[in-house]
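Asks: So for the sequence shown, our numbering puts the first residue at 124; every next one is plus one. Just passing along the structure, written as structure tokens.
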Amino acid sequence: MSAIIDLPAHTLAKQRAASDPAASAWVSANAGSGKTHVLIQRVVRLLLEGTAPSKILCLTFTKAAAANMASRVFEMLALWTRLSDEDLREAIIATGAPAPTGVALDAARTLFARTVETPGGLKIQTIHAFCEMLLHLFPFEANVAARFEVADEPRQAELLARARREVLAGVSGDPRGLGAHIARLVDECSPADFEALIKEAMAFRGLRELWDKDPEQDLRKALHLAAGRDGAAVERDIIENGLSPALWPDVAHWLDHGGSTDQKLAKQFRDAAAAREIAAGRASQGDLLFCSQDCVAAYLAIFFIDAGEGHARSSLATKKPAALRPDLAAMLYAEQARLEPLRIERRSAATLSRTLALLGAVQAVFTRYHAIKAARGILDFDDLVERALALVERSDAAWVLYKLDAGIDHILVDEAQDTSAPQWRILERLTGDFAGAGRGGRPRTFFAVGDEKQSIFSFQGAAPEMFAQMLRRFRVKFSAGEAAFEHVRLGLSFRSSPGILSAVDQVFEHGEHQSGLIADDDLWMPHEALKRYLPGLVEIWPPVGPEAREDPRDWKLPLDIRDSQDPVALVADRVARKIALLIAETGETVFDTRDRRPRAIRAGDILILVRRRGPLFEALIRALKNCNVPVAGADRLELADHIAIMDLVAAGRTALLPQDDLTLACVLKSPLIGLDDDDLLAFAPNRSGSLFDALAHSGEPRHTRAFARIAAWRARAAQSPFAFYSSLLCEDGGRLAFAARLGAEAADAVDEFLRLALSHDNESAPSLVAFLDTFENMECSIKRDMETGADAVRVMTVHAAKGLEAKIVFLPDTCGAPTHRHDPKLFKLSSGRDDQPLLAWSPKSALDCPATAEARTRARAAALEEYRRLLYVALTRAEERLYIAGCHGAKGPSPQCWATMILATLGQGGDFESFPAFWNIDDKILRRASGSSASTSIDSPPPPAPPVAAPDWLARPAFEEARDAPLVRPSGALASRSGFISGSDAPPATTARRLAMEQGRLAHLLLQYLPGLAPDLRRTAALNYLAAAAGGLGAAWRQALADKIIAVLDLPALKDLFSPGSIAEAPLEGAVALPGGRKIAVAGQVDRIAETPEAVLVADFKTRGGAAGGVPASYIAQMALYRAVLAPLWPGKPLRMSLVWIDDASVVELETGALDAALASIETD
124 MSAIIDLPAH TLAKQRAASD PAASAWVSAN AGSGKTHVLI QRVVRLLLEG TAPSKILCLT
184 FTKAAAANMA SRVFEMLALW TRLSDEDLRE AIIATGAPAP TGVALDAART LFARTVETPG
244 GLKIQTIHAF CEMLLHLFPF EANVAARFEV ADEPRQAELL ARARREVLAG VSGDPRGLGA
304 HIARLVDECS PADFEALIKE AMAFRGLREL WDKDPEQDLR KALHLAAGRD GAAVERDIIE
364 NGLSPALWPD VAHWLDHGGS TDQKLAKQFR DAAAAREIAA GRASQGDLLF CSQDCVAAYL
424 AIFFIDAGEG HARSSLATKK PAALRPDLAA MLYAEQARLE PLRIERRSAA TLSRTLALLG
484 AVQAVFTRYH AIKAARGILD FDDLVERALA LVERSDAAWV LYKLDAGIDH ILVDEAQDTS
544 APQWRILERL TGDFAGAGRG GRPRTFFAVG DEKQSIFSFQ GAAPEMFAQM LRRFRVKFSA
604 GEAAFEHVRL GLSFRSSPGI LSAVDQVFEH GEHQSGLIAD DDLWMPHEAL KRYLPGLVEI
664 WPPVGPEARE DPRDWKLPLD IRDSQDPVAL VADRVARKIA LLIAETGETV FDTRDRRPRA
724 IRAGDILILV RRRGPLFEAL IRALKNCNVP VAGADRLELA DHIAIMDLVA AGRTALLPQD
784 DLTLACVLKS PLIGLDDDDL LAFAPNRSGS LFDALAHSGE PRHTRAFARI AAWRARAAQS
844 PFAFYSSLLC EDGGRLAFAA RLGAEAADAV DEFLRLALSH DNESAPSLVA FLDTFENMEC
904 SIKRDMETGA DAVRVMTVHA AKGLEAKIVF LPDTCGAPTH RHDPKLFKLS SGRDDQPLLA
964 WSPKSALDCP ATAEARTRAR AAALEEYRRL LYVALTRAEE RLYIAGCHGA KGPSPQCWAT
1024 MILATLGQGG DFESFPAFWN IDDKILRRAS GSSASTSIDS PPPPAPPVAA PDWLARPAFE
1084 EARDAPLVRP SGALASRSGF ISGSDAPPAT TARRLAMEQG RLAHLLLQYL PGLAPDLRRT
1144 AALNYLAAAA GGLGAAWRQA LADKIIAVLD LPALKDLFSP GSIAEAPLEG AVALPGGRKI
1204 AVAGQVDRIA ETPEAVLVAD FKTRGGAAGG VPASYIAQMA LYRAVLAPLW PGKPLRMSLV
1264 WIDDASVVEL ETGALDAALA SIETD
């Protein structure tokens, strides 16, 4: 940070106060103000004070942040080991520590070794990783499996889907209980909504506590619904206890004398009477009158608009009928007034019934989900926090806390604004004895750093209001214990230019825009810039809306064709074209803080941020590619939707059922096969049978090779999913084919797919059918690392970009805002207990009762607050340039959207100038540029050092380096003579050849591992292994191979070769001097080596017998090279080189003369 200019004194003082290891501290910081830097300073100062590394616990939000933090600490400590005394003294002082003595310097140099060598090391981890460690330490006390596993998100989704399917499959066994609950849910929502509803409910924290205490009573209280009142009772009151149904026909007849409005109401009275008669006819004799929902809805529609769900009608009778029967008119208005509270009560009763049905269904899924996890010894991320919290809060937790107190003296929390309420409760318990008498005379501190303005992960339980609340609680705790506690506010940005930070302050100094960003009792902390010399540019582009069209689109065009005048496509095209201009050689520059001079803009300097992945996200990537701009691709991949994974799934389906013509056609055109439309047209249209049969009889060489490859897949379909796809991607070249056609992005998706296949193999019976079924019912996405430094434009969501920065940021998604369409389906209601909220289900606002209407209002307000915090995060990613754009529909931008907020503040400022847009001179953009030319004031960076004369050696020609010896593989030493063809020129392998290769691979594996077993166990082990690895090759074939292997192992001549001290599959590498004087490098792998007192035995296993035709020259040359490399390792000891033929269980020992002659014949050119 101080490499360019010194830090202001007030910032240095704040950093030193925050990192002081003698006091606990709470740091509130603006974006880019060095929060993690201060935390690292504090860790290092704790170590300098003599704190054992194992006594420090650092917690952060993500694994990437934890890894970055640990890396920075170790880099600093490692650097200290190499510094001179003077440089080390300055480095220590820079951390805020006092000037060290000579002894302290020596101790500082040992910190790296101490930290690395300490058992357990420096604990820098996520809160979930800490909870996992805690549960592993105390499994008995926490009531968890001793060696439990943690399920990642894909596995959680898989297990939850399985639990949901099993619950639905068992509905028929409980038609009145669970069946009734499910039936109610099915009536209320579609299958897709049902699945989303279950997921949303399962994510609600506190479900278990809801069931432990009967939720109905608390829900009735929250909904203001009296005991015993249900929907049926309320509906009976609506129909029977007001305007008598016997009068409805008379009222209808009276209203017929009025105008059209009155006559419509008369018809509604008759409809209600007819519905009542139908309901009465369905009722059982002797029972209370059954009032159907149709009857009630028809009756309420008379008095209230929107089918009875809206507000009260202003007129129930016009002047004419009212004058005829004023008593009836008064009766209607009185009935309307009576119905209003009943209608609200009916909604409350419906909410209760609906919610209880949901909770009943969710409880069944929840119970089954946890039973599946328990049976497998699995915990998910929520379990980790829940079980850890229960562990430290249990009544007999003193032993656990005592053991932890002995191991943790200092807790540091990064990104504190993202910490959820249960996680805070864990931290409060861990720090319970950090203040007051519980300290035991030891210095014990707590440190938290965060920025509530950047709390954007409410869907993961983060609550920004907790930040200020926990600050107050910790301050009271440490003050009561007379322990030092500092609250430090950091406002200096090490990232952005003054022009960017000025724009941020202008947007959020507006009172309404601060709602949700800072606590009610707090003030806005202005942003200061460290890099005052940096130029700053803010551009506001006019939002793009749809244009009026005179002519409709051509009806013959495909429905999914992209309209070039669509606002999404237009704004994406403008952004892409602007970026193409920026990175072209047009003189546009950014300031390189490392080299301290301007440089040309690169694609890697640019970050495009959107609110969510959708049409704009995809259009931006597409437009960038069309403009030939390097783009890193999507930051998150939905695995099942990735084209490479779709091809892999289709390949698996084809291997299982090649008669599926559509799937086969997709595979044939995929990179795995490489055919095109012309190939398919050559044999597909006029076929008489299946596409697979037509492919088999095509006769075209390309088609023959495609058929052979699919036939090989079919032969491997009985293997485990991981083995099947590993062969397809590696041996068959699938990975390279995907990379060639789809780019490097495909590798991430393929690797994750293989990981899932391996996980499936480890957890259940290996089956390709089962794996594909599981995968297609699984929700799996992977987050790609966008911090790799690749020179490409990054397109990301704002959530994913938190913690990142870029020289140039584009915000093209500023016109949308949260609307009622984004409302949750489930709402939290107050139960009267702070720690136990209730859950209520209200599908839409028209069905809200007062309690859910109030909860919906709170949810919408919270969504808008997080929406504004999201804008703050987006704006503060930029270092030098910020481009703001947007697109909207026919109704225009949302009144509460980012664009409106920005135009209401920045757009009204007089310092923005209007310029013609680069895409159309009639459009105008607003631009504000600052600091375009650096001055020589103190705020400017020092000028670059004068050029240094080039040294003499720079002009001297370099010495000619010795050429490396050519690399030779022993198995291919005579490749040129034998006519061996490799790579793409090789003829397609026949089925017989592939079978022989598979037999050789399996035989080598068996000969590698079986000698380690007792002789009487070898046959059974061989058959079991072959059944698992080659189940599709037939029992007779497997039995024959096992017989051959056992016969080889039983050969008396090979007793020493397979002795316990022998080495299997030994890698070999070395240099060999040929008889002619040439040197070659040799790399290979020897199947078996054994040393006896008399000689060294070296053997290579070959599948086919060689007695009839003699030993091939290539085999002798291979063994000659092995001997030449191994001979120096055993000087004076003979090497006996042998070939072992597996097919006929025979051994051929090669003569010395033959080996010498073979070595002389090897060619390297």
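For glycine and all other residues, C-beta sits at the position ideal for the given N, C-alpha and C.
By the 10 Å Cβ neighbour count, where 16 or more other Cβ atoms means buried, how is Pro1216 classified, buried or exposed?
Replies: Indexing the sequence shown from 1 puts residue 1216 at position 1093. It is exposed - the Cβ of Pro1216 has fewer than 16 other Cβ atoms within 10 Å.
Asks: Could you spell out where the alpha helix (DSSP H) holding Lys137 opens and where it closes?
Replies: Counting from 1 along the sequence shown, the entry for residue 137 is found at position 14. Per DSSP, the continuous alpha helix (DSSP H) segment holding Lys137 begins and ends at 132-141.
Asks: Which value, in whole angstroms, describes the spacing of the CA atoms of Asp394 and His943?
Replies: Locating residue 394 in the sequence shown gives position 271, counting from the first residue. Locating residue 943 in the sequence shown gives position 820, counting from the first residue. In a straight line, the C-alpha of Asp394 is about 33 Å away from that of His943.
Asks: Which same chain residues end up closer than 7 Å to Ile216 when comparing Cβ atoms and leaving out the 5 residues on each side of it in sequence?
Replies: Here residue 216 is taken as the residue at index 93 of the sequence shown, counted from 1. Correct list, in chain order: Ala222.
Asks: For Phe590 versus Ala544, is the C-beta distance shorter than 8 Å?
Replies: As a position in the sequence shown, residue 590 is number 467, starting the count at 1. As a position in the sequence shown, residue 544 is number 421, starting the count at 1. Not in contact: Phe590 and Ala544 (Cβ atoms no closer than 8 Å).
Asks: In this structure, how does DSSP classify His380 when only helix, strand and coil are distinguished?
Replies: As a first step, residue 380 is located in the sequence shown; it is residue number 257 there, counting from the start. In this structure, His380 counts as coil in the three-state DSSP scheme.
Asks: Skipping 5 residues on each side, what residues in its chain have a beta carbon closer than 6 Å to that of Glu289?
Replies: Position 166 of the sequence shown, counting from 1, holds the residue named residue 289. In its chain, beyond the 5 residues on either side, Arg491 have a beta carbon closer than 6 Å to the beta carbon of Glu289.
Asks: Could you tell me if His945 is buried or exposed, where buried requires 16 or more neighbouring beta carbons within 10 angstroms of its beta carbon?
Replies: Locating residue 945 in the sequence shown gives position 822, counting from the first residue. Exposed is the call here.
Asks: Quick check: the Cα distance between Ala703 and Arg745, rounded to an integer number of angstroms?
Replies: Within the sequence shown, residue 703 is the residue found at index 580, counting from 1. Within the sequence shown, residue 745 is the residue found at index 622, counting from 1. Their Cα atoms are separated by approximately 13 Å.
Asks: Tell me whether Ile179 sits in a helix, a strand or coil according to DSSP, three-state version.
Replies: The residue you call residue 179 lines up with position 56 of the sequence shown. Ile179: strand per DSSP, three-state reduction.
Asks: Residues in the same chain with beta-carbon distance under 6 Å from Cys789, minus the five sequence neighbours each way, listed in chain order, please.
Replies: Taking the first residue of the sequence shown as 1, we reach residue 789 at position 666. For Cys789, where only same-chain residues beyond five positions count, the Cβ hits under 6 Å are Ala773.
Asks: Using 8 Å as the threshold, is the C-beta distance between Pro666 and Cys938 below it?
Replies: Against the sequence shown, residue 666 aligns to sequence position 543. Against the sequence shown, residue 938 aligns to sequence position 815. Closer than 8 Å, so yes.
Asks: Is there at least one Cβ from chain D nearer than 8 Å to Glu651's Cβ?
Replies: Among the chains of the structure shown, chain D does not appear; only one protein chain is present.
Asks: How long is the line joining the alpha carbons of Pro794 and Trp149, rounded to whole angstroms?
Replies: For the purposes of this step, residue 794 is taken as the residue at position 671 of the sequence shown. For the purposes of this step, residue 149 is taken as the residue at position 26 of the sequence shown. Between Pro794 and Trp149, the C-alpha separation is close to 55 Å.
Asks: Measuring straight from C-alpha to C-alpha, what distance separates Pro449 and Leu301?
Replies: The residue you call residue 449 lines up with position 326 of the sequence shown. The residue you call residue 301 lines up with position 178 of the sequence shown. Those two C-alpha atoms are separated by around 52 Å.
Asks: Quick check on this structure: which residue in Leu135, Asp310, Glu240, Val167 has the alpha carbon closest to the alpha carbon of Pro1302?
Replies: The requested residue 1302 is not part of the displayed model; the chain covers only 124 to 1288.
Asks: With DSSP as the reference, please indicate the residues paired to His533 in a beta bridge.
Replies: By 1-based counting over the sequence shown, the position of residue 533 is 410. In DSSP, His533 forms a bridge with Ile179, Thr568.
Asks: Grab me the residues of Leu1180's own chain with a C-beta within less than 7 Å of its C-beta, minus the 5 sequence neighbours each way, in chain order.
Replies: Reading the sequence shown from its first residue, position 1057 is the one you call residue 1180. Excluding sequence neighbours, Leu1180 sits near Arg1211, Ala1213, Leu1220, Ala1222.
Asks: Output needed for Ser1105: all residues of its chain with C-beta closer than 6 Å, excluding positions within five of it in sequence on either side, in chain order.
Replies: Looking up residue 1105 in the sequence shown gives position 982. Low confidence applies to Ser1105: its pLDDT is 32, below 50, so where it sits in the model is not reliable enough to give any reading.
Asks: For Leu739 versus Asp417, is the C-beta spacing smaller than 8 Å?
Replies: The residue labelled residue 739 in the question sits at position 616 within the sequence shown. The residue labelled residue 417 in the question sits at position 294 within the sequence shown. Contact: no.
Asks: With 16 other CB atoms within 10 Å as the buried threshold, where does His1361 fall?
Replies: Residue 1361 falls outside the range modelled here, since the chain spans only 124 to 1288, and no answer is possible.
Asks: When the distance is taken between beta carbons, is Arg907 closer than 8 Å to Asp871?
Replies: One-based indexing of the sequence shown puts residue 871 at position 748. One-based indexing of the sequence shown puts residue 907 at position 784. Yes. Within cutoff.
Asks: So what's Leu411 in DSSP terms, helix, strand or just coil?
Replies: Taking the first residue of the sequence shown as 1, we reach residue 411 at position 288. Because the pLDDT at Leu411 is just 42, under 50, the model does not fix this residue reliably, and the value given afterwards should be weighed accordingly. In this structure, Leu411 counts as coil in the three-state DSSP scheme.
Asks: Return the first residue and the last residue of the alpha helix (DSSP H) that Tyr492 is part of.
Replies: What you label residue 492 is simply residue 369 of the sequence shown in a count that begins at 1. That run of the alpha helix (DSSP H) goes 449-499.
Asks: Using CA coordinates, which residue listed in Gly329, Tyr848, Asp799 is at the minimum distance from Lys777?
Replies: In the sequence shown, residue 777 corresponds to position 654, counting from 1. Note that residue 777 is Thr in the sequence shown, not Lys. The candidate whose alpha carbon is nearest that of Thr777 is Tyr848.
Asks: Is it a yes or a no for the stretch 1010-1027 touching the stretch 579-590, going by three-plus beta-carbon pairs under 8 Å?
Replies: no
Asks: Taking a contact to mean a Cβ-Cβ separation below 8 Å, would you say Asp764 touches Ala923 in this structure?
Replies: Your numbering for residue 764 matches position 641 in the sequence shown. Your numbering for residue 923 matches position 800 in the sequence shown. Contact flag unset, no.
Asks: Let's see if you can read the secondary structure: which residues bound the beta strand (DSSP E) around His610?
Replies: Position 487 of the sequence shown holds residue 610. Segment 608-613, the beta strand (DSSP E) holding His610.
Asks: To the nearest angstrom, report how far apart His826 and Glu854 are at their CA atoms.
Replies: Here residue 826 refers to the residue found at position 703 when the sequence shown is read from its first residue. Here residue 854 refers to the residue found at position 731 when the sequence shown is read from its first residue. Taking the straight line from one Cα to the other gives about 19 Å.
Asks: Assign Met1120 to buried or exposed, taking buried as 16 or more other Cβ atoms, counted over all protein chains shown, within 10 Å of its Cβ.
Replies: Indexing the sequence shown from 1 puts residue 1120 at position 997. Exposed is the call here.
Asks: Which class does Glu588 belong to by DSSP, given the choice of helix, strand or coil?
Replies: Here the question's residue 588 lines up with position 465 in the sequence shown. If DSSP states are grouped into helix, strand and coil, Glu588 belongs with the helices.
Asks: Taking the alpha-carbon of Ala345 as reference, which of Leu475, Met769, Val713 has the nearest alpha-carbon?
Replies: The residue labelled residue 345 in the question sits at position 222 within the sequence shown. Checking every option, the nearest Cα to that of Ala345 belongs to Leu475.
Asks: Does Trp664 come out as helix, strand or coil in the three-state DSSP assignment?
Replies: Within the sequence shown, numbered from 1, the residue matching residue 664 stands at position 541. Coil at Trp664, not helix or strand.
Asks: Going by Cα to Cα distance, which pick from Met648, Ile1203, Glu468 is closest to Arg343?
Replies: Position 220 of the sequence shown, counted from the first residue, corresponds to residue 343. For Arg343, the nearest C-alpha among the options comes from Glu468.
Asks: Between which two residues does the beta strand (DSSP E) holding Arg759 run?
Replies: By one-based count along the sequence shown, residue 759 stands at place 636. Start and end: 759-761.
Asks: In this structure, does DSSP put Pro721 in helix, strand or coil?
Replies: Position 598 of the sequence shown holds residue 721. In this structure, Pro721 counts as strand in the three-state DSSP scheme.
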